[in-house]
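Residues 905 to 1371 in this note's numbering are what the sequence shown spells out, letter by letter. Even for Gly, the Cβ is constructed at its ideal location relative to N, Cα and C. Since we're looking at a predicted model, the values are computed, not measured. Structure, as structure tokens:
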Amino acid sequence: MLEQVHVGPRSLDAYRGIAPNDLIDDLLSASKDFKGARVAHLNATAYGGGVSELLRSAIPILNNLGLVAHWKTIAGDQRFFQVTKKIHNGLQGAPHDLTEADREAYLSTSRRNAKLFEEDYDFVFLHDPQPAAILSMHGKRGARWIWRCHIDTSTPNPNVWSFLRGYMTEFDAAVFTMKKFVPSDFPISNVDIFPPAIDPLSPKNMSLADDTARPVLQWIGIDLDRPLIAQVSRFDSWKDPSGVIEVYRMLRREFPLLQLAMVGSMALDDPEGWDIYHKIIDEVRRDPDIHVFTNLIGVGNVEVNAFQRLSRVVIQKSIREGFGLVVSEAMWKTTPVVAGNAGGIPLQMADGVGGLLVENTEECASAVRSLLMDPSRGHELAHRGRERVRRHFLLPRLLLNELRLMKELAAGRGIRDAAWRSTRDPVCGLPVRPDDFTATVDRQTFRFCSDTCRSEFLRHIQQYRIN
Ligand code: UDP
């Protein structure tokens, strides 16, 4: 059997008054059709990175809603994870092609995992490329299969994409975080769009009083009488850790007391993490005010919570980013964010809330500088950011999107249910309310989560209208 990650119970009720109550009610009502339904989520690792973060929170709530939800991880050796990281990088546009030996390593491990996946389910979600080939080897066995892609696949390396694409044809549906991530030759038409979300009650995001958060960081050597900026991320070149160090160095001339924390988790399925970690350590060796931490020395969820709360500015200098949970995490804590204008980040910070979007290192340094010099502006942006996260990027909303997709697949309708579509932003797939942003075209009214989505819709109207 595949390894099951046991996550314990949690109640949706606990989210009342934190996430919007209308979303919680909609979720409860959507779940009525699924009492006893068996759902499996498969990914590559139980810790490290955004997918494990999501599943850790989602699975207990699905069980609380009456489904039988299991989180399973596939097994692979280092060679397999080297290849899947190469696939991940290729899907995000890196130039390295897969060799014949790479393909064989991926397929032979996929075959083993397909055999280990013994139990039967009604719905199976495969997350990202690591488990994606399992369906073709396992067969559907009566379940609906969904490929959930968390990465930016808008301009994939053709060699890597043509290989993976061959394993996509049998899925009943695929979910992407943004419409622009869907490769133009994606082989199935049932494609849904909705972004991930954060768990406001997890130790990483729960409220944490200053008199708890401060000693947590002081204990690991941070001087909170001096300004602190931080990036919390896997050590991954798409997150541009060298760029973050450069930004800090540019700013140190003006802010000689500035400290930088680079907080990175090591994920089982990301063998490049250590190489990048060692590169960073080499780069910062002579500067005691750059602090590099990993989960392996005990800097875990509560410490991340404290860093995201007590940094003057949180940086997320991504060049490519599927979504970047860390952006919503920092916004939820009303800390201003300076982030690369990449992938799912601008959706989180739509309409300029939460902080500032930047295109390069110079802009990043200048944005951080402006927020360090004008904390009240940062404060105002951050408060609007928290409200956007509350409304759109908390866990119940994600689960509602997933259950509605499952409902449409169970009904054999494909993703076309008009009633559900009319309550969703046609650009980003988020559920919207009548009082949100609207545009009326040919006497049909569309609703949006933000002015940014409305403008995008009006600019590319043919792409987003489905009649
Ligand atoms: N994270 C963590 N400790 C770290 C660095 C990152 O717990 O030292 C978490 C971070 O808080 C976030 C997740 O790992 O919840 C990363 O998700 P994101 O979507 O930002 O990026 P991914 O790793 O999936 O590319």
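- In this chain, the alpha helix (DSSP H) harbouring Q1367 covers I1365 to Y1368.
- The closest CA to that of L1307, considering only E907, L906 and A941, is found on A941.
- Excluding residues up to 5 positions away in sequence, A923, A1101 and P1104 lie with their Cβ nearer than 6 Å to the Cβ of L1298 in the same chain.
- DSSP, reduced to helix, strand and coil, places A1077 within a strand of the structure shown.
- The beta carbon of A1171 sits closer than 8 Å to those of T949, Y951, G952, G953, S956, R1138 and G1177, all from its chain and outside the five residues before and after it, given in chain order.
- Taking 3 residues as the shortest admissible run, the segment 1205-1276 contains the following complete beta strand (DSSP E) segments, listed from N- to C-terminal end: 1217-1220, 1241-1244 and 1259-1262.
- Of the heavy atoms belonging to the ligand UDP, none sits nearer than 8 Å to the Cβ of P1279.
- Of the residues assessed, P1091 falls on the exposed side of the cut-off, its CB having fewer than 16 other CB atoms within 10 angstroms.
- Scanning the segment 1153-1190 for uninterrupted alpha helix (DSSP H) segments of 4 residues or longer gives 1176-1188, listed from N- to C-terminal end.
- Separation of T1116 and A998 (C-alpha to C-alpha, rounded to the nearest whole angstrom) is 42 Å.
- D1096 carries a strand assignment under DSSP once its states are collapsed to helix, strand and coil.
- When C-alpha distances from F1352 are compared across H1364, D1339 and D1346, the shortest belongs to D1339.
- At a threshold of 8 Å, G952 counts as near the ligand UDP, since its beta carbon sits closer than that to one of the ligand's heavy atoms.
- In this chain, the alpha helix (DSSP H) harbouring I991 covers Q982 to L995.
- Judged by their CB atoms, F1197 and V1203 are nearer to each other than the 9 Å cut-off.
- The alpha carbon of K1221 has as its nearest neighbour, out of G1256, E1284, G1282 and A1134, the alpha carbon of A1134.
- T1081 and L1121 have their C-alpha atoms roughly 33 Å apart.
- Cα atoms of L959 and R1157: separation of roughly 42 Å, rounded to the nearest angstrom.
- Under the three-state reduction of DSSP output, N1109 falls in the coil class, being neither helix nor strand.
- In this structure, R1138 has its beta carbon less than 8 Å from a heavy atom of the ligand UDP.
- In this structure the segment 1054-1071 does not touch the segment 965-979; the number of beta carbon pairs closer than 8 Å is below three.
- Beta-bridge analysis with DSSP links K976 to Q908 and L946.
- If only complete runs of 4 or more residues are kept, the segment 1282-1353 shows the alpha helix (DSSP H) at 1299-1314 and 1322-1325, in order along the chain.
- Residue range R1048 to R1052 is occupied by the beta strand (DSSP E) that includes R1052.
- For the 9 Å CB-CB criterion, P1035 and S1012 do not form a contact.
- At a cut-off of 8 Å, the beta-carbon of I963 does not count as near the ligand UDP: no heavy atom of the ligand is closer than that.
- A Cβ-Cβ contact shorter than 9 Å links V1218 with G1259.
- Taking all protein chains in view, the Cβ of K939 is surrounded by fewer than 16 other Cβ atoms within 10 Å, so the residue is classified as exposed.
- Checking the DSSP bridge columns, you'll see H1195 partnered with A1165.
- Set against 8 Å, the gap from the CB of E957 to the closest heavy atom of the ligand UDP is smaller.
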